[in-house]
């Protein structure tokens, strides 16, 4: 369920894409992820040379969608996420999720919490409005606190 929420939240940003060819290709590939995963991956591979969005979505494909195509590759997913983490809160959330649940990495709650915190901090950088990624990162942080995986710090 988390995987679909991330994908649909991310796809929403393409509802009003500009007319650039690369954005149209990425948008087309997002819709193809459910019908022709191989073709979608090829488009993301090509577009990733010029598009950080395509890099994120390629990481997503290797992370979540790969399990449906025998192409799951957590180290490669992590590599793509790390390439865009400075500007993409969804990549930060996915990195945190990988560390929280030990997907291709040793579970590390400190790193997971750090990635979720960074994703939430992007709200400030992007105008202060609450967004879907803010809700997802807050939810995952809340889970960590509830499960005793994170500790509150008094400041």
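Residue numbers (the working numbering): 371 to 525.
Even glycine gets a Cβ: it sits at the ideal position worked out from N, Cα and C.
Everything numeric in this text was worked out from a predicted model, so none of it was measured.
6 Å Cβ shell around residue i - same chain, five flanking residues per side excluded
{"i": "residue 461", "result": "426, 451, 454, 455"}
{"i": "residue 466", "result": "482, 485, 486"}
{"i": "residue 507", "result": "463, 486, 489, 490"}
{"i": "residue 510", "result": "486"}
Cβ-based burial, residue i [other Cβ within 10 Å; buried from 16]
{"i": "residue 400", "result": "buried"}
{"i": "residue 385", "result": "Its pLDDT being 42, under 50, residue 385 is placed unreliably in this model, and the coordinates cannot settle the point."}
{"i": "residue 505", "result": "exposed"}
{"i": "residue 406", "result": "exposed"}
{"i": "residue 440", "result": "exposed"}
{"i": "residue 457", "result": "exposed"}
{"i": "residue 516", "result": "exposed"}
Residue i in three-state terms, based on DSSP
{"i": "residue 420", "result": "coil"}
{"i": "residue 487", "result": "helix"}
{"i": "residue 475", "result": "coil"}
{"i": "residue 441", "result": "coil"}
{"i": "residue 457", "result": "coil"}
{"i": "residue 414", "result": "helix"}
{"i": "residue 431", "result": "helix"}
{"i": "residue 519", "result": "coil"}
{"i": "residue 402", "result": "helix"}
Other residues of its chain near residue i: CB distance less than 8 Å, five sequence neighbours each side excluded
{"i": "residue 445", "result": "474"}
8 Å contact criterion, which residue i and residue j should meet: CB distance rounded
{"i": "residue 443", "j": "residue 430", "result": "In fact, because the Cβ distance is near 12 Å, the residues do not count as touching under 8 Å."}
{"i": "residue 478", "j": "residue 469", "result": "5 Å"}
{"i": "residue 424", "j": "residue 417", "result": "4 Å"}
Bounding residues of the alpha helix (DSSP H) (the contiguous stretch that carries residue i)
{"i": "residue 453", "result": "444 to 454"}
Own chain residues within Cβ distance below 7 Å of residue i, not counting five before or after
{"i": "residue 415", "result": "428"}
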